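So the structure is just underneath, and the comments pick up after that.
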Amino acid sequence: MSTLSADQVRYVAELVKLALTDEETELFAGQLSAVLDYASALEEVDTSRVAPTATVLPLRSVMREDKVEPGLSVDEALANAPEKQDGYFRVHAVLEGGQ
Amino acid sequence: MSKYELVVGLEVHAQLLTKSKMFCGCSADSWDAPPNSHTCPICLAMPGMLPVINREAVAQTIRAGLALNCTIAEEAVFARKNYMYPDLPKGYQISQYELPLCVNGWLDIDAGEGTKRIRITRAHLEEDTGKLVHAGDVSLVDLNRAGVPLLEIVSEPDLRSIEEVNEYLSRLRQILVYIGVNSGNLERGAMRMEANISLRPRRSAELGTKVEIKNLNSFRAVRNALEYEVARQTRILDSGGEVEQVTLGWLEHEGRTYVQRTKESAHDYRYFPEPDLPPLFIERAWVEELAAGLSELPLARRARFESEYGLSRADADVLVGARATADFYEAAVAATGDAMTPKQVANWMMGDLFRLVKESGKPLQEASITPAMFAELLTLVANKTINANTGSRVLKTMFQTGEGAATIVEREGLAQVSDADVLAQAIERVLAAHPDEVGRYRDGQTKLLGWFMGQVMRETRGKADPNLVRQMLMERLQR
Ligand SMILES: [Zn+2]
Numbered sequence: 001m002s003t004l005s006a007d008q009v010r011y012v013a014e015l016v017k018l019a020l021t022d023e024e025t026e027l028f029a030g031q032l033s034a035v036l037d038y039a040s041a042l043e044e045v046d047t048s049r050v051a052p053t054a055t056v057l058p059l060r061s062v063m064r065e066d067k068v069e070p071g072l073s074v075d076e077a078l079a080n081a082p083e084k085q086d087g088y089f090r091v092h093a094v095l096e097g098g099q
Numbered sequence: 001m002s003k004y005e006l007v008v009g010l011e012v013h014a015q016l017l018t019k020s021k022m023f024c025g026c027s028a029d030s031w032d033a034p035p036n037s038h039t040c041p042i043c044l045a046m047p048g049m050l051p052v053i054n055r056e057a058v059a060q061t062i063r064a065g066l067a068l069n070c071t072i073a074e075e076a077v078f079a080r081k082n083y084m085y086p087d088l089p090k091g092y093q094i095s096q097y098e099l100p101l102c103v104n105g106w107l108d109i110d111a112g113e114g115t116k117r118i119r120i121t122r123a124h125l126e127e128d129t130g131k132l133v134h135a136g137d138v139s140l141v142d143l144n145r146a147g148v149p150l151l152e153i154v155s156e157p158d159l160r161s162i163e164e165v166n167e168y169l170s171r172l173r174q175i176l177v178y179i180g181v182n183s184g185n186l187e188r189g190a191m192r193m194e195a196n197i198s199l200r201p202r203r204s205a206e207l208g209t210k211v212e213i214k215n216l217n218s219f220r221a222v223r224n225a226l227e228y229e230v231a232r233q234t235r236i237l238d239s240g241g242e243v244e245q246v247t248l249g250w251l252e253h254e255g256r257t258y259v260q261r262t263k264e265s266a267h268d269y270r271y272f273p274e275p276d277l278p279p280l281f282i283e284r285a286w287v288e289e290l291a292a293g294l295s296e297l298p299l300a301r302r303a304r305f306e307s308e309y310g311l312s313r314a315d316a317d318v319l320v321g322a323r324a325t326a327d328f329y330e331a332a333v334a335a336t337g338d339a340m341t342p343k344q345v346a347n348w349m350m351g352d353l354f355r356l357v358k359e360s361g362k363p364l365q366e367a368s369i370t371p372a373m374f375a376e377l378l379t380l381v382a383n384k385t386i387n388a389n390t391g392s393r394v395l396k397t398m399f400q401t402g403e404g405a406a407t408i409v410e411r412e413g414l415a416q417v418s419d420a421d422v423l424a425q426a427i428e429r430v431l432a433a434h435p436d437e438v439g440r441y442r443d444g445q446t447k448l449l450g451w452f453m454g455q456v457m458r459e460t461r462g463k464a465d466p467n468l469v470r471q472m473l474m475e476r477l478q479r
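Sequence order for the protein chains is A and B. 1 is the number of the first residue of the first sequence in the numbering used here; add one for each residue after it. 1 is the number of the first residue of the second sequence in the numbering used here; add one for each residue after it.
Following this line, the structure appears as structure tokens:
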């Protein structure tokens, strides 16, 4: 039975840029632990004779020809944007480090 | 010599030359296109959309891998590299992690008289991010570039000086352009570099603390950033300090690095296999087909130019610099036949022709002159129909009008005058007009011969056979 600590939840939340309240952190620690426990049932399966794979589907080497196809207009592309400016999506300034 | 040795490994991101993006049908060429005009639900990361691998991007990556002496994987897998940034609509970049397309290669670079082998760790395929334009307290996002295929080439830390770094980058660019997988146009972002750098005391086997420098968009930026870091780290080590393991950015206009991330704040990318893309099984027959289509690479071609045409390494290096130039040269040598040696053809090409190309501001392949036309001109010079100076003039006209050499020579009456009577008359006229100079020559100022030559050439409108004039002048002046 794995139990995620509040710190682990905060770390994951920071990675995906989510601001959680303390209550939410508690709530998700419990929920996510339950999810991990559920998935950990897989660890009981003996896989010592199974080669690792990146997929469970029978598909291999699916590729398309290098052909340009029409996409969206600028207006369509920006239709769902909360903020836009001069044909761009607009977001809060992103700067890293001492820039 | 500094008491520290520089150790550098490079990551180069090269934009491939596909028509469409890596995983969707949007045009990959968005230079000058209005922002967000090359997008679709796939590269905008709309929910439920599925990527499909561009076969040509895989082919170009394999060709690059072969040119860099890599092993081409039997099985290649795409992976998600997870991080949040506004230029990355999906919240992850599709890249390769555990099973890249190309591994364990090498690239030879010039080092003094010989060559040095730089090991290539891997070359893999990934998608580019969008572009951010910073405007005060907001950033503007253009997703035209998001999803454009990038080839990432990672070297081992085998580079030991800034000169080696520069040589490696130049060779790599040359190869990628040669095999047609990259435009080589760095002003348009065709290649972007990251450098891993550390310093260690000379003769030390241990590596120093590694610092990563990101966003280097030109070879000059790489050089400047490395020089800056070497100086900075030397100061730290000299004063007994320790270099901190950080990720740095480079501010080109300020000429300094800045800390983007410390070890503590390093990214945790949580790579895992991309569930939306089935693994690639690369058939050997396809690899062989791609290998067969590869042209001769620059260094091999240079070696052949040295041995086959008797050129110096420096001359051969210039001629193989661009594939079109090398192709032009070989075609011109073949068309000139025995009329001139390959060395003479090279001299004409690197002298007069390159000057004209440079003045025109356009590449050789766009000039109106063909190798056959160039060879015709050289043959007229070789068989003394025209002299070398006239040859230069005719070449210039050819370059401007696209006419053949023989046409121009005939129309402008430029054929060389080798008729001894005509030349003798011209010489008499010159000597009669300049009795003082004749006297000084006869008093021992024999270097005036060149001046007399010039007068006779003027008298014959540049068409005289210079060797014959020289010989006749010397005989006449000794009398
Ligand atoms: Zn698209």
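Beta carbons: idealized from backbone N, C-alpha and C, even for Gly. Note that the structure is a prediction, hence the values are computed from the model and not measured.
Open item on the list: Any heavy atom of ligand 1 inside 7 Å of the beta-carbon of residue 282 (chain B)?
Closed with: Within the second sequence, numbered from 1, the residue matching residue 282 (chain B) stands at position 282. Checking the Cβ of residue 282 (chain B) against ligand 1 gives no.
TODO: Could you tell me whether the Cβ atoms of residue 474 (chain B) and residue 466 (chain B) are closer together than 8 Å?
DONE: Position 474 of the second sequence holds residue 474 (chain B). Position 466 of the second sequence holds residue 466 (chain B). Not a contact, by the Cβ cut-off of 8 Å.
- [ ] Report all residues for which the CB-ligand distance to some heavy atom of ligand 1 is below 6 Å; order them along the chain.
- [x] Qualifying residues, in the order they occur: A:71, B:21, B:24, B:26, B:39, B:40, B:42, B:43, B:147.
Task: Within-8 Å CB hit, residue 93 (chain A) to chain B - done: To locate residue 93 (chain A), count along the first sequence from 1; it is residue 93. So, interface residue.
- [ ] Taking C-beta pairs closer than 7 Å, name the residues in chain A that residue 145 (chain B) reaches, listed in chain order.
- [x] Residue numbering aside, residue 145 (chain B) sits at position 145 when the second sequence is read from its first letter. Near residue 145 (chain B) there are no residues of chain A at all, since even the closest Cβ is about 13 Å away, more than 7 Å.
Task: Cross-strand partners of residue 123 (chain B) (DSSP beta bridge) - done: Position 123 of the second sequence, counted from the start, is the residue given in the question as residue 123 (chain B). Bridge partners of residue 123 (chain B): B:102, B:153.
- [ ] Kindly indicate which residue of B:229, B:19, B:216 has the alpha-carbon position closest to the one of residue 187 (chain B).
- [x] Here residue 187 (chain B) is taken as the residue at index 187 of the second sequence, counted from 1. With distances taken between CA atoms, residue 187 (chain B) lies nearest to B:216 out of B:229, B:19, B:216.
TODO: Answer yes or no: does any C-beta atom of chain B fall closer than 8 Å to that of residue 43 (chain A)?
DONE: Mapped onto the first sequence, residue 43 (chain A) falls at position 43. So, not an interface residue.
Task: Contact belief for residue 76 (chain B) with residue 99 (chain B) at Cβ below 8 Å, rounded distance in angstroms - done: To locate residue 76 (chain B), count along the second sequence from 1; it is residue 76. To locate residue 99 (chain B), count along the second sequence from 1; it is residue 99. Their Cβ separation, rounded to whole angstroms, is 5 Å, which keeps residue 76 (chain B) and residue 99 (chain B) in contact under 8 Å.
Task: DSSP-derived helix/strand/coil call for residue 276 (chain B) - done: Numbered from 1 along the second sequence, position 276 holds the residue referred to as residue 276 (chain B). Coil at residue 276 (chain B), not helix or strand.
TODO: Assuming residue 111 (chain B) and residue 156 (chain B) form a contact by the criterion Cβ under 8 Å, report the distance between their Cβ atoms to the nearest whole angstrom.
DONE: Here residue 111 (chain B) refers to the residue found at position 111 of the second sequence. Here residue 156 (chain B) refers to the residue found at position 156 of the second sequence. In fact, because the Cβ distance is near 16 Å, the residues do not count as touching under 8 Å.
Open item on the list: Please report the distance separating the alpha-carbon of residue 45 (chain B) from that of residue 75 (chain A).
Closed with: For the purposes of this step, residue 45 (chain B) is identified with residue 45 of the second sequence, where counting begins at 1. For the purposes of this step, residue 75 (chain A) is identified with residue 75 of the first sequence, where counting begins at 1. Counting only the Cα atoms, residue 75 (chain A) lies some 16 Å from residue 45 (chain B).
Task: CB contact below 8 Å: residue 4 (chain A) versus chain B - done: To locate residue 4 (chain A), count along the first sequence from 1; it is residue 4. No, residue 4 (chain A) does not count as interfacial toward chain B.
TODO: Just mark residue 38 (chain B) as buried or exposed, buried being the case when its beta carbon has 16 or more other beta carbons within 10 Å.
DONE: The sequence position of residue 38 (chain B) within the second sequence is 38, counting from 1. Here residue 38 (chain B) is buried. Its C-beta has 16 or more other C-beta atoms within 10 Å.
- [ ] Find the nearest neighbour of residue 15 (chain B) within the set B:108, B:129, B:52, B:82, judged by alpha-carbon distance.
- [x] Locating residue 15 (chain B) in the second sequence gives position 15, where the first residue counts as 1. Considering only alpha carbons, the answer is B:129.
- [ ] For the beta strand (DSSP E) containing residue 191 (chain B), list its first residue and its last residue.
- [x] Start at 1 with the first residue of the second sequence, and residue 191 (chain B) comes out as number 191. Per DSSP, residue 191 (chain B) belongs to the beta strand (DSSP E) from 191-201.
Open item on the list: My output table needs one value for residue 210 (chain B): the three-state DSSP class, helix, strand or coil.
Closed with: Here residue 210 (chain B) corresponds to residue number 210 of the second sequence, with the count starting at 1. Looking at residue 210 (chain B) - three-state DSSP - the assignment turns out to be coil, as it is neither helix nor strand.
Open item on the list: Rounding to the nearest angstrom, what Cα-Cα distance links residue 66 (chain A) and residue 56 (chain B) in this structure?
Closed with: Here residue 66 (chain A) is taken as the residue at index 66 of the first sequence, counted from 1. Here residue 56 (chain B) is taken as the residue at index 56 of the second sequence, counted from 1. In a straight line, the C-alpha of residue 66 (chain A) is about 6 Å away from that of residue 56 (chain B).
- [ ] Compare the C-beta of residue 99 (chain A) against all C-beta atoms of chain B and say whether one is closer than 8 Å.
- [x] As a position in the first sequence, residue 99 (chain A) is number 99, starting the count at 1. In this prediction, residue 99 (chain A) has a pLDDT of 38, which is less than 50 and means its spatial position is unreliable; what the coordinates show is noted afterwards. Yes, residue 99 (chain A) lies at the interface with chain B (some Cβ there is under 8 Å from its Cβ).
Open item on the list: Quick check: residue 64 (chain B) and residue 297 (chain B), are their CB atoms within less than 8 Å of each other?
Closed with: By one-based count along the second sequence, residue 64 (chain B) stands at place 64. By one-based count along the second sequence, residue 297 (chain B) stands at place 297. If you check the CB distance, residue 64 (chain B) and residue 297 (chain B) do not come in under 8 Å.
Open item on the list: Counting only beta-carbon separations shorter than 8 Å, does residue 18 (chain B) have a partner in chain A?
Closed with: Your numbering for residue 18 (chain B) matches position 18 in the second sequence. Closer than 8 Å: yes.
- [ ] Let me know if residue 284 (chain B) comes out buried or exposed under the rule of 16 or more other beta-carbons within 10 Å of its beta-carbon.
- [x] Position 284 of the second sequence, counted from the start, is the residue given in the question as residue 284 (chain B). That one is exposed.
Open item on the list: When you compare the CB of residue 38 (chain A) with every CB in chain B, is at least one pair closer than 8 Å?
Closed with: If you number the first sequence from 1, residue 38 (chain A) lands on position 38. Not closer than 8 Å to any Cβ of chain B, the Cβ of residue 38 (chain A) fails to qualify, so no.
Open item on the list: For the beta strand (DSSP E) containing residue 142 (chain B), name the first residue and the last one.
Closed with: For this step, residue 142 (chain B) is matched to residue 142 along the second sequence. Taken as a continuous stretch (DSSP letters only), the beta strand (DSSP E) holding residue 142 (chain B) covers 138-142.
Task: Secondary structure of residue 82 (chain B), DSSP reduced to three states - done: The residue labelled residue 82 (chain B) in the question sits at position 82 within the second sequence. Reduced to three states, the DSSP call for residue 82 (chain B) is strand.
TODO: Give the secondary structure of residue 23 (chain B) by DSSP, where H, G and I count as helix, E and B as strand, and everything else as coil.
DONE: Along the second sequence, one-based indexing puts residue 23 (chain B) at 23. Annotated three-state conformation of residue 23 (chain B) is coil, per DSSP.
TODO: Find the nearest neighbour of residue 250 (chain B) within the set B:242, B:244, B:259, B:243, judged by alpha-carbon distance.
DONE: Residue mapping note: residue 250 (chain B) aligns to position 250 of the second sequence, counting from 1. For residue 250 (chain B), the closest C-alpha among the options B:242, B:244, B:259, B:243 is that of B:259.
Open item on the list: Using a Cβ distance threshold of 8 Å, determine whether the segment 83-96 of chain A contacts the segment 85-95 of chain B, with at least three qualifying pairs required.
Closed with: Short answer: they touch.
TODO: Return no unless some Cβ of chain A is closer than 8 Å to the Cβ of residue 268 (chain B).
DONE: Counted from its first residue, the second sequence places residue 268 (chain B) at position 268. Chain A contact via Cβ: present.
Open item on the list: Using a 10 Å radius around the Cβ and a threshold of 16 neighbouring Cβ atoms, would you call residue 315 (chain B) buried or exposed?
Closed with: As a first step, residue 315 (chain B) must be located in the second sequence, where it is residue number 315. Under this definition residue 315 (chain B) is a buried residue.
TODO: Can you tell me which of B:166, B:463, B:459, B:440 puts its alpha carbon nearest to the alpha carbon of residue 478 (chain B)?
DONE: By 1-based counting over the second sequence, the position of residue 478 (chain B) is 478. Measuring C-alpha to C-alpha distances from residue 478 (chain B) to each of B:166, B:463, B:459, B:440 identifies B:440 as the nearest.
TODO: Tell whether a beta-carbon distance below 8 Å holds between residue 199 (chain B) and residue 237 (chain B).
DONE: Numbered from 1 along the second sequence, position 199 holds the residue referred to as residue 199 (chain B). Numbered from 1 along the second sequence, position 237 holds the residue referred to as residue 237 (chain B). Cβ distance < 8 Å, so residue 199 (chain B) and residue 237 (chain B) count as in contact.
Task: As assigned by DSSP and simplified to three states, the class of residue 234 (chain B) - done: Counting from one through the second sequence, the residue named residue 234 (chain B) turns up at place 234. In the structure shown, residue 234 (chain B) sits in a helix (DSSP, three-state: H, G or I).
TODO: Check the C-beta distance from residue 195 (chain B) over to residue 154 (chain B) and give it rounded, since I have them as a contact under 8 Å.
DONE: What you label residue 195 (chain B) is simply residue 195 of the second sequence in a count that begins at 1. What you label residue 154 (chain B) is simply residue 154 of the second sequence in a count that begins at 1. The beta carbons of residue 195 (chain B) and residue 154 (chain B) sit about 12 Å from each other, so the pair does not count as a contact at 8 Å.
Open item on the list: Is there a Cβ of chain A sitting closer than 8 Å to that of residue 349 (chain B), yes or no?
Closed with: As a position in the second sequence, residue 349 (chain B) is number 349, starting the count at 1. It does not: the Cβ of residue 349 (chain B) has no partner Cβ on chain A nearer than 8 Å.
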